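K.L.:
From first to last, the protein sequence lines stand for chains A and B.
Each residue of the first sequence is one higher than the one before, starting from 63 at the first, in my numbering.
Each residue of the second sequence is one higher than the one before, starting from 63 at the first, in my numbering.
Following this message is one structure expressed as C-alpha cells.
There are 2 protein chains.
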Amino acid sequence: MQQRSEETRTKILDSAIKLFSTRGFNAASVDDICEEAGISKGAFYHHFESKQALFLALLDGWLQTIDSAIDASKDKTAPETFMQMTTAFPYIFETAGDGLPMFLEFWLQASRDKTIWDASIAPYRRYHKYFTSLIKKGVAEGSFVEVDPELASRMIVATAMGLLLQSLLDPKGAKWEKVARESTNLLVNSLLNK
Amino acid sequence: MQQRSEETRTKILDSAIKLFSTRGFNAASVDDICEEAGISKGAFYHHFESKQALFLALLDGWLQTIDSAIDASKDKTAPETFMQMTTAFPYIFETAGDGLPMFLEFWLQASRDKTIWDASIAPYRRYHKYFTSLIKKGVAEGSFVEVDPELASRMIVATAMGLLLQSLLDPKGAKWEKVARESTNLLVNSLLNK
DNA sequence: ACAAACATACCGACTGGTCGGTATTAATCA
DNA sequence: TGATTAATACCGACCAGTCGGTATGTTTGT
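What follows is the structure, given as C-alpha cells:
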C-alpha cells in the first residue's frame, strides 16, 4: 500500500522538477506533469492539494538538501568549510542541467508569491547568518583578514548566484565549473590571512 | 495621427513593463496589459504582432539603454569606468522596484525560449568581451594588477547579478545600495595596482 | 474618400481543479 | 486460513474560466 503510493509520489516529484525546469511553473501544466509521470490527474490531486503545494514540496526538499550539507560541515574551521565548498562545485555544475533551472524558478516564484516567499526567505536569512558567522569565526581564529562579515557574506553568495545564472544563460560560453572553482579560490585567497 | 499612435505604443510598452515585472510574462495576460494601458485588444495587435514580439521590443529597448551607457564611457580609463559604475548603483537600486524584476524575467525567458535566447546571448557575450577588454586595458595601463581578465569579468558580472537578485528576493534584508557600492569598492580595490 | 488607428465580439485550445466511480491493499473476524 | 469489510490509491470525463489571437466593424486624421 505505502509502497506503490510512495512510488507515485516520487514519480510526480521527479516529473515536476523536469517540467518546471524546462518550461517553468506556469507553462508546465498539471496535465503535462501527469502524463510525464504516467499517472492520472486523480492520482495527482490525491497526493498534492494543489499545483502550488507540489511546488512547495519541491522547495522544501531542496532546502533540506542544503541544510544537511551545512550540517555536515559543522565542526570544521572556516577555511576548511570554504574549501569543501570548492570541491562541491564540480558536482553542482555537473548536475546543473537537471536541477539548476529549478533554482531560478524558486527565485522567481518567491519574488511574486507570498506563500512561497515566506517559505524561502527564512532559510535564506538563515544561510546569510550562517555565512556571516562563519566569516566572523574565521576572523576570530585569525585565519581571515579583517573584513565586514555581513558584506563578505553577501558578496560570496552573490558571486555563487551570479555564476550559476550566467552558466544557465550560456552553458557553453565558458567552462563554468572551472570558473566557479577559480573564483572561489580567488575569493578565499583574498580573505585568507597570510 | 502619428502622435496618438506613438502614445498608444508607449502606453502599451509601459504597461507591459509594469505587469511583466509584477506578475511575470505568462501570468500577465494581453487583456491585462490592454486594460492597464487603457486601450483595446485591437490596438494592441495593431502595434505588436504577438505577445512575444512585445517582449522582444522591451528587451531591445533595455539592451539599447545598456549600449548607450557603455558608449558614454568610451574614452575613459579602466578605473574611471568602474568608478562611474559605482556612482550608477544608487540610481539602479532606487528604480529597482519598477524595472528590476523585468531583468529576471528576461533571463528566465531567454533560458527557455530560443528566439529570446538568440536576442539575448549576442549582447551578453558582447558585454562580457567589453568587460574583459576593459580589464585587459587596465592591466596594460598598469592601473590593475595581473589577473585573468576573462575570470575577473565573469566575477564582476556575477557579483552585480547576485546582489541584484538578493535585493530582489529580500529588498528590506539589507541596505542594498550601500552593499553594492561597498562591494564595487572592494572589487575595484582588489584589482587596483597600488 | 481612404488608409491608418482603434474598438468589440468572438474563437478554439487549454487551464487548474472537481467528482463519481473503480482497483488495490490492509484490517477484521469467523 | 479465507471471506468480508473498510480504507486508501487511483482513474478519466468533466467544469467553468482564461488564454492568445482573429475577424469584422467603427472612428479619426489627412
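C-beta: ideal position from N, C-alpha, C; glycine also.
Small disclaimer: the values here were computed from a predicted structure and weren't measured.
Is the Cβ-Cβ distance between residue 85 (chain A) and residue 109 (chain A) less than 8 Å?
P.N.:
In the first sequence, residue 85 (chain A) corresponds to position 23, counting from 1. In the first sequence, residue 109 (chain A) corresponds to position 47, counting from 1. In this structure, residue 109 (chain A) does not lie closer than 8 Å to residue 85 (chain A) by Cβ.
K.L.:
Residue 241 (chain B) versus chain A: which residues are under 7 Å apart at the beta carbon?
P.N.:
The residue given as residue 241 (chain B) occupies position 179 in the second sequence. Near residue 241 (chain B) (Cβ distances below 7 Å), the residues of chain A are 213 and 216.
K.L.:
Please list, in chain order, all residues of the same chain as residue 208 (chain A) whose beta carbon is under 8 Å from its beta carbon, the five residues on each side excluded.
P.N.:
What you label residue 208 (chain A) is simply residue 146 of the first sequence in a count that begins at 1. Same-chain partners within the cutoff: 201.
K.L.:
Taking residue 181 (chain B) as the query, report the chain A residues whose CB atoms sit under 8 Å from its CB, ordered along the chain.
P.N.:
For the purposes of this step, residue 181 (chain B) is identified with residue 119 of the second sequence, where counting begins at 1. Result: empty, since nearest Cβ-Cβ is about 12 Å, beyond 8 Å.
K.L.:
Would residue 67 (chain A) be called buried (16 or more neighbouring beta carbons within 10 Å of its own) or exposed?
P.N.:
For this step, residue 67 (chain A) is matched to residue 5 along the first sequence. Burial call: exposed.
K.L.:
What does a CB cutoff of less than 6 Å around residue 188 (chain B) pick up in its chain, not counting 5 residues either side in sequence?
P.N.:
Here the question's residue 188 (chain B) lines up with position 126 in the second sequence. So no residue of the chain qualifies.
K.L.:
Any idea if residue 80 (chain A) is buried or exposed, counting beta-carbon neighbours within 10 angstroms, 16 or more meaning buried?
P.N.:
For the purposes of this step, residue 80 (chain A) is identified with residue 18 of the first sequence, where counting begins at 1. So residue 80 (chain A) ends up on the buried side.
K.L.:
Just curious, the alpha helix (DSSP H) that residue 256 (chain A) is in, first and last residue?
P.N.:
Position 194 of the first sequence holds residue 256 (chain A). Looking at the DSSP string, residue 256 (chain A) is not in any alpha helix (DSSP H), and its letter there is neither H nor E.
K.L.:
Assuming residue 93 (chain B) and residue 103 (chain B) form a contact by the criterion Cβ under 8 Å, report the distance between their Cβ atoms to the nearest whole angstrom.
P.N.:
In the second sequence, counting from the first residue as 1, residue 93 (chain B) sits at position 31. In the second sequence, counting from the first residue as 1, residue 103 (chain B) sits at position 41. With a Cβ gap of about 7 Å, residue 93 (chain B) and residue 103 (chain B) count as contacting.
K.L.:
Cβ atoms of residue 203 (chain A) and residue 139 (chain A): under 8 Å apart, would you say?
P.N.:
By one-based count along the first sequence, residue 139 (chain A) stands at place 77. By one-based count along the first sequence, residue 203 (chain A) stands at place 141. It is a contact, given that the beta carbons lie within the stated cut-off.
K.L.:
Against residue 186 (chain A), what residues of chain B qualify as contacts under a CB-to-CB distance less than 7 Å, listed in chain order?
P.N.:
Here residue 186 (chain A) refers to the residue found at position 124 of the first sequence. Ordered by position in chain B, the residues that pass the 7 Å Cβ test against residue 186 (chain A) are 231 and 232.
K.L.:
Given that residue 219 (chain B) touches chain A, what residues does it touch there, using C-beta distances under 8 Å?
P.N.:
Taking the first residue of the second sequence as position 1, residue 219 (chain B) is located at position 157. Per Cβ cutoff of 8 Å: 224 and 228.
K.L.:
Here's the rule: buried if 16 or more other CB atoms are within 10 angstroms of the residue's CB, otherwise exposed. What is residue 220 (chain A)?
P.N.:
Translated into the one-based positions of the first sequence, residue 220 (chain A) becomes position 158. By the neighbour-count rule (16 or more Cβ atoms within 10 Å), residue 220 (chain A) is buried.
K.L.:
Quick one: Cα of residue 137 (chain A) to Cα of residue 254 (chain A), how far?
P.N.:
As a first step, residue 137 (chain A) must be located in the first sequence, where it is residue number 75. As a first step, residue 254 (chain A) must be located in the first sequence, where it is residue number 192. Their Cα atoms are separated by approximately 19 Å.
K.L.:
Cutting at 6 Å between CB atoms, please list the residues of its own chain near residue 99 (chain A), excluding the five before and the five after it.
P.N.:
Here residue 99 (chain A) refers to the residue found at position 37 of the first sequence. So the qualifying residues of the chain are 73, 74 and 77.
K.L.:
Could you compute how far the alpha carbon of residue 9 (chain A) sits from the alpha carbon of residue 106 (chain A)?
P.N.:
Residue coverage of chain A in this structure runs from 63 to 256, which leaves residue 9 (chain A) outside it and unanswerable.
K.L.:
Could you tell me how far apart the beta carbons of residue 132 (chain B) and residue 192 (chain B) are, in whole angstroms, since I believe they sit closer than 8 Å?
P.N.:
Here residue 132 (chain B) refers to the residue found at position 70 of the second sequence. Here residue 192 (chain B) refers to the residue found at position 130 of the second sequence. Residue 132 (chain B) to residue 192 (chain B), Cβ: 6 Å. Contact.
K.L.:
Kindly say whether residue 169 (chain A), judged by its beta-carbon, lies nearer than 8 Å to any beta-carbon of chain B.
P.N.:
As a working note, residue 169 (chain A) is residue 107 in the first sequence. So, interface residue.
K.L.:
Determine the DSSP secondary structure at residue 168 (chain B), reduced to helix, strand or coil.
P.N.:
What you label residue 168 (chain B) is simply residue 106 of the second sequence in a count that begins at 1. Of the three classes helix, strand and coil, the one that applies to residue 168 (chain B) here is helix, per DSSP.
K.L.:
DSSP three-state label for residue 206 (chain A), please.
P.N.:
Locating residue 206 (chain A) in the first sequence gives position 144, where the first residue counts as 1. Reduced to three states, the DSSP call for residue 206 (chain A) is strand.
K.L.:
Tell me which residues share the same chain as residue 194 (chain B) and place their Cβ nearer than 7 Å to its Cβ, disregarding the 5 neighbours each side in the sequence.
P.N.:
The residue labelled residue 194 (chain B) in the question sits at position 132 within the second sequence. Answer for residue 194 (chain B): 211, 212 and 215, listed in chain order.
K.L.:
For residue 166 (chain A), return the contacting residues in chain B, with the cut-off set at a CB-CB distance below 9 Å.
P.N.:
Locating residue 166 (chain A) in the first sequence gives position 104, counting from the first residue. The contacting residues are 166, 169, 170 and 173.
K.L.:
Taking the beta carbon of residue 178 (chain B) as the centre, do at least 16 other beta carbons fall within 10 Å, making it buried, or is it exposed?
P.N.:
As a position in the second sequence, residue 178 (chain B) is number 116, starting the count at 1. Buried, since its Cβ has 16 or more Cβ neighbours within 10 Å.
K.L.:
Applying a beta-carbon distance threshold of less than 8 Å, which residues of chain B neighbour residue 236 (chain A)?
P.N.:
Position 174 of the first sequence, counted from the start, is the residue given in the question as residue 236 (chain A). Near residue 236 (chain A) (Cβ distances below 8 Å), the residues of chain B are 212 and 216.
K.L.:
At the 8 Å Cβ level, is residue 141 (chain A) part of the contact set with chain B, yes or no?
P.N.:
Counted from its first residue, the first sequence places residue 141 (chain A) at position 79. Not closer than 8 Å to any Cβ of chain B, the Cβ of residue 141 (chain A) fails to qualify, so no.
K.L.:
Nearest chain A C-beta to residue 255 (chain B) closer than 8 Å, yes or no?
P.N.:
For this step, residue 255 (chain B) is matched to residue 193 along the second sequence. Taking Cβ atoms only, chain A never reaches closer than 8 Å to residue 255 (chain B), which makes this a no.
K.L.:
Using Cβ-Cβ distances below 8 Å, what residues of the region 86-115 of chain B are close to chain A?
P.N.:
Within the region 86-115 of chain B, the residues whose Cβ lies closer than 8 Å to some Cβ of chain A are 86, 88 and 89, listed in chain order.
K.L.:
Hey, does residue 77 (chain B) have any beta-carbon neighbour from chain A nearer than 8 Å?
P.N.:
Counting from one through the second sequence, the residue named residue 77 (chain B) turns up at place 15. Chain A contact via Cβ: absent.
K.L.:
With H, G and I counted as helix, E and B as strand and the rest as coil, what does DSSP make of residue 174 (chain B)?
P.N.:
As a position in the second sequence, residue 174 (chain B) is number 112, starting the count at 1. DSSP places residue 174 (chain B) in coil when its eight states are reduced to three.
K.L.:
State the DSSP-derived secondary structure class of residue 97 (chain B), mapped to helix, strand or coil.
P.N.:
By one-based count along the second sequence, residue 97 (chain B) stands at place 35. Helix.
K.L.:
Consider the Cβ of residue 205 (chain B): report whether some Cβ of chain A lies at a distance smaller than 8 Å.
P.N.:
Counting from 1 along the second sequence, the entry for residue 205 (chain B) is found at position 143. Not closer than 8 Å to any Cβ of chain A, the Cβ of residue 205 (chain B) fails to qualify, so no.
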